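S.K.: Numbering (my numbering), first residue to last: 125 to 401.
Yeah, the Cβ is synthetic: ideal placement off N, Cα and C, and Gly gets one too.
Computed from a predicted model, the values in this text were never measured in an experiment.
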């Protein structure tokens, strides 16, 4: 990847229009806590979710899906075996994968499992908060559960063919030896009244949907565009949720926001933020 070229509102919104047009099949090894929200979110985008977890069917499922998203929440040996199958098969089929290393700094078992998957040969997105990505880069436990508590400095160096999407107050992309903070409104996180369970997992699912439809002569550039598009899309949806006063209505507004990403409203939202640079 040469670098993160300036993404126009048209480029980013086109990703979501393509999801609506192509209706990609998104295979996800989910976290059971957030599986329903991720499936609803993918459907809201216009994609077709397929939640499959059995290692015995991973080759068949990975082969027919447009992309696989591996969420390592509630990790056990059976889930790890299925994840290994996905990454191996995805490389054979020449398809990218999205990895969500949920809470990998919380226990030695989780961290070793994530490092094992990262050592495999595959391309795609690693979506995590700064605590999780710090644990990956430093091979060190943070003991922060699934949240980011302390401020962590991340390295810009990332293996070729992969993009690290660090989510938080200000999302940031890391690829090769470069990094780029993504323009997003600070009020998105600060003004949302409720911490809706599963939004981190949902971010990974959205990244998968975006990655499944990007077309580029260089796969790495498509992965970079998909990561950026997923960040902006989630920022828009979370902003809609932040306008609501109740937990249930905020959750509904979040899904409705994802549904509107293929419409002109989202493109205008992006343009306004471009003008603020």
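How long is the line joining the alpha carbons of residue 350 and residue 296, rounded to whole angstroms?
M.R.: In the chain shown, residue 350 corresponds to position 226, counting from 1. In the chain shown, residue 296 corresponds to position 172, counting from 1. Residue 350 and residue 296: Cα-Cα distance of roughly 13 Å.
S.K.: Please confirm whether residue 362 and residue 165 have their CB atoms less than 8 Å apart.
M.R.: Position 238 of the chain shown, counting from 1, holds the residue named residue 362. Position 41 of the chain shown, counting from 1, holds the residue named residue 165. No, they are not a contact pair.
S.K.: Around the C-beta of residue 391, are 16 or more other C-beta atoms found within 10 angstroms, so that it is buried, or is it exposed?
M.R.: Residue numbering aside, residue 391 sits at position 267 when the chain shown is read from its first letter. Buried, by the Cβ-count rule.
S.K.: Does chain B have any CB closer than 8 Å to the CB of residue 344?
M.R.: Included in the structure is just one protein chain, with no chain B present.
S.K.: Select from 281, 171, 247, 283 the residue whose C-alpha is nearest the C-alpha of residue 146.
M.R.: As a working note, residue 146 is residue 22 in the chain shown. Its Cα nearest to that of residue 146, the residue 171 stands out among 281, 171, 247, 283.
S.K.: Can at least three beta-carbon pairs, one atom from the region 221-238 and one from the region 191-200, be found at a separation below 8 Å?
M.R.: They touch, by the three-pair rule.
S.K.: Would the region 316-335 count as touching the region 149-163 if we require 3 or more Cβ pairs under 8 Å?
M.R.: yes
S.K.: In three-state terms, what does DSSP make of residue 125?
M.R.: By one-based count along the chain shown, residue 125 stands at place 1. Here residue 125 scores only 38 on pLDDT, less than 50, and its place in the model should not be relied on; the value that follows carries that caveat. Correct three-state label for residue 125: coil.
S.K.: Taking residue 251 as the reference, give the member of 209, 163, 353 with the closest Cα.
M.R.: Within the chain shown, residue 251 is the residue found at index 127, counting from 1. Nearest C-alpha to residue 251: 353.
S.K.: Which value, in whole angstroms, describes the spacing of the CA atoms of residue 402 and residue 260?
M.R.: Coverage of the chain is limited to positions 125 through 401, which leaves residue 402 absent and any answer about it impossible.
S.K.: Is it the case that the region 238-250 contacts the region 278-287, given that we only count it when at least three CB pairs across the two stretches are under 8 Å?
M.R.: Enough Cβ pairs lie closer than 8 Å, so yes.
S.K.: Identify the continuous beta strand (DSSP E) that holds residue 224 and give its terminal residues.
M.R.: Stepping through the chain shown from its first residue, residue 224 is reached at position 100. Counting along the chain, the beta strand (DSSP E) containing residue 224 begins and ends at 221-224.
S.K.: Rounding to the nearest angstrom, what Cα-Cα distance links residue 370 and residue 183 in this structure?
M.R.: In the chain shown, the residue the question calls residue 370 occupies position 246. In the chain shown, the residue the question calls residue 183 occupies position 59. Answer to the nearest angstrom: the Cα atoms are 42 Å apart.
S.K.: Taking only three categories from DSSP, how would you classify residue 231?
M.R.: One-based indexing of the chain shown puts residue 231 at position 107. Coil, per DSSP.
S.K.: Return the chain-ordered ranges of every alpha helix (DSSP H) run that is complete within the region 170-201 and spans a minimum of 4 residues.
M.R.: 182-188
S.K.: Are the Cβ atoms of residue 140 and residue 386 separated by less than 8 Å?
M.R.: Here residue 140 refers to the residue found at position 16 when the chain shown is read from its first residue. Here residue 386 refers to the residue found at position 262 when the chain shown is read from its first residue. A contact, by the Cβ cut-off of 8 Å.
S.K.: Just the C-alpha distance for residue 346 and residue 338, rounded to the nearest angstrom, thanks.
M.R.: By one-based count along the chain shown, residue 346 stands at place 222. By one-based count along the chain shown, residue 338 stands at place 214. Rounded to whole angstroms, residue 346 to residue 338 spans 5 Å at the Cα level.
S.K.: Measure the CB-CB distance between residue 68 and residue 229 and report whether it falls below 8 Å.
M.R.: With the chain covering 125 to 401 only, the question about residue 68 has no answer from this structure.
S.K.: State the start and end residues of the unbroken alpha helix (DSSP H) segment that holds residue 403.
M.R.: The question about residue 403 has no answer, for the chain in this structure spans 125 to 401.
S.K.: With burial defined as no fewer than 16 other Cβ atoms inside 10 Å of the residue's Cβ, what is the status of residue 203: buried or exposed?
M.R.: In the chain shown, counting from the first residue as 1, residue 203 sits at position 79. Classification for residue 203: buried.
S.K.: Since I believe residue 206 is in contact with residue 177 (beta carbons under 8 Å), could you give me their beta-carbon distance rounded to a whole number of angstroms?
M.R.: As a working note, residue 177 is residue 53 in the chain shown. As a working note, residue 206 is residue 82 in the chain shown. Correct: roughly 6 Å between the Cβ atoms.
S.K.: Starting from residue 251 and walking both ways along the beta strand (DSSP E), at which residues does that stretch end?
M.R.: By 1-based counting over the chain shown, the position of residue 251 is 127. Element bounds for residue 251: 248-253.
S.K.: Spell out the partners DSSP gives residue 303 in its beta bridges.
M.R.: The residue given as residue 303 occupies position 179 in the chain shown. Looking at the DSSP assignment, residue 303 forms a beta bridge with 298.
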